[in-house]
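Single-structure report; data block below.
Protein chains: 2
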Amino acid sequence: MTRERTGKAQEKNSLELRPIGVIRSKLKERSRAPKQGSEGAPDAWLEIYRFAAPALDGLAAGDEIIILTWLHRARRQTLRVHPRSDPKRRLSGVFATRSPDRPNPIGLHQVTVRKIAKNRLRIGPLEAIDGTPVVDIKPVLCEIQKHSL
Amino acid sequence: MTRERTGKAQEKNSLELRPIGVIRSKLKERSRAPKQGSEGAPDAWLEIYRFAAPALDGLAAGDEIIILTWLHRARRQTLRVHPRSDPKRRLSGVFATRSPDRPNPIGLHQVTVRKIAKNRLRIGPLEAIDGTPVVDIKPVLCEIQKHSL
Chain A
60 MTRERTGKAQ EKNSLELRPI GVIRSKLKER SRAPKQGSEG APDAWLEIYR FAAPALDGLA
120 AGDEIIILTW LHRARRQTLR VHPRSDPKRR LSGVFATRSP DRPNPIGLHQ VTVRKIAKNR
180 LRIGPLEAID GTPVVDIKPV LCEIQKHSL
Chain B
60 MTRERTGKAQ EKNSLELRPI GVIRSKLKER SRAPKQGSEG APDAWLEIYR FAAPALDGLA
120 AGDEIIILTW LHRARRQTLR VHPRSDPKRR LSGVFATRSP DRPNPIGLHQ VTVRKIAKNR
180 LRIGPLEAID GTPVVDIKPV LCEIQKHSL
């Protein structure tokens, strides 16, 4: 019952993320970054903070993973945008787009692990800019259950 | 420059999520919920809070979307788990699994929009339990660019 009560309390309070790492990339500015990883983005380093390193156990080069980032330059008040920043396209709610500007600017990036060097993962392609906080890593669940975890 | 500075400040401070809605489901307990939506989970309602409703514009029944939730009953100190709670499987880092127990318990759920009734979306299948806070909605980006947003 104690854990149930803790859960209730958390629900009423703020939901606070703790970064587990950070992106190190040659992309330095949002305005120059591709909109999606598949649009010519480079590989990047993901540095995992010491406290979270044990959670990497089981990941290997070649894995397809999902990186969740905190898009720290985003505008959280934005609720409608022109898709792909194209003023000719009619305004759309941000939940129908992948705009980084949204109430909770969590980025979702599917990447391949190129190599792992201690607490650093070489991953790509990735459109997130240098300094972007990373909040989670998940395996891709695919049809053939390559990752059935 | 002002926005750049705000970004820098946010990076140093806490990263706080603001729920944009909540799940209403017949699943009431984590222990009875399927581990993935594809494992027999039911449809559920997603109630969007009033402030975020304009961000729904452009979503329609039939859309494939990704729901990001805050798994409020998760244990955030957990860094290793037995995959699928099977004690016979060797301990694995949580980043190599889909365990809800992880430093930032963000749930990632791909669902179909069954219908939209004002600020409520009928979605499924969904394994998240009743009362789970929702923090983001994104369109699925697929090969054929059905959603090129």
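As you go down the protein sequences, you meet chains A and B in turn. So the first sequence is residues 60 to 208, counted in the numbering used here. So the second sequence is residues 60 to 208, counted in the numbering used here. Don't be surprised by glycine CBs; every beta carbon is placed ideally from N, CA and C.
Boundaries of the beta strand (DSSP E) in which residue i is found, first to last residue
i, result
"glutamine 136(B)", "Premise fails: glutamine 136(B) is in no beta strand (DSSP E) and is neither H nor E."
"glutamine 169(A)", "165-176"
"threonine 156(B)", "Segment: none, threonine 156(B) is in no beta strand (DSSP E) and carries neither H nor E."
"glycine 117(A)", "Taken as a continuous stretch (DSSP letters only), glycine 117(A) belongs to no beta strand (DSSP E), as it is neither H nor E."
"proline 192(A)", "192-198"
"glycine 80(A)", "80-83"
"leucine 86(A)", "Careful: leucine 86(A) lies outside any beta strand (DSSP E) and carries neither H nor E."
"leucine 185(B)", "Unbroken run through leucine 185(B): none, as it is neither H nor E."
"leucine 76(B)", "74-76"
Neighbour-count burial assignment, residue i, 16 or more Cβ in a 10 Å radius
i, result
"lysine 197(B)", "buried"
"proline 146(B)", "exposed"
"alanine 214(A)", "The structure shown does not extend to residue 214(A), since chain A is modelled only from 60 through 208, so no value can be given for it."
"glutamate 186(B)", "buried"
"alanine 176(B)", "exposed"
"serine 151(A)", "buried"
"glycine 121(A)", "exposed"
Own chain residues within Cβ distance below 7 Å of residue i, not counting five before or after
i, result
"glutamate 123(A)", "Gln169, Thr171, Val199"
"leucine 76(A)", "Trp129, Val194"
"lysine 87(B)", "Ile188, Asp189"
"proline 159(B)", "Leu130, Ala133, Gly166"
"arginine 83(A)", "Ala103, Trp104, Glu106, Asp189"
"alanine 111(A)", "Ile79, Gly80"
"leucine 138(B)", "Gly152, Val153"
Nonlocal neighbours in the same chain, by C-beta distance under 8 Å from residue i, ignoring five residues either side
i, result
"asparagine 163(A)", "Arg135"
"proline 78(A)", "Tyr108, Trp129, Pro192, Val193, Val194"
"arginine 91(A)", "none"
Per DSSP, cross-strand counterpart(s) of residue i
i, result
"leucine 180(A)", "Leu105(A), Ile175(A)"
"leucine 127(A)", "Leu167(A), Asp195(A)"
Other residues of its chain near residue i: CB distance less than 6 Å, five sequence neighbours each side excluded
i, result
"proline 184(A)", "Gly96, Ala100"
"proline 142(A)", "Arg148, Ser151, Thr156"
"lysine 174(B)", "Ala120, Arg181"
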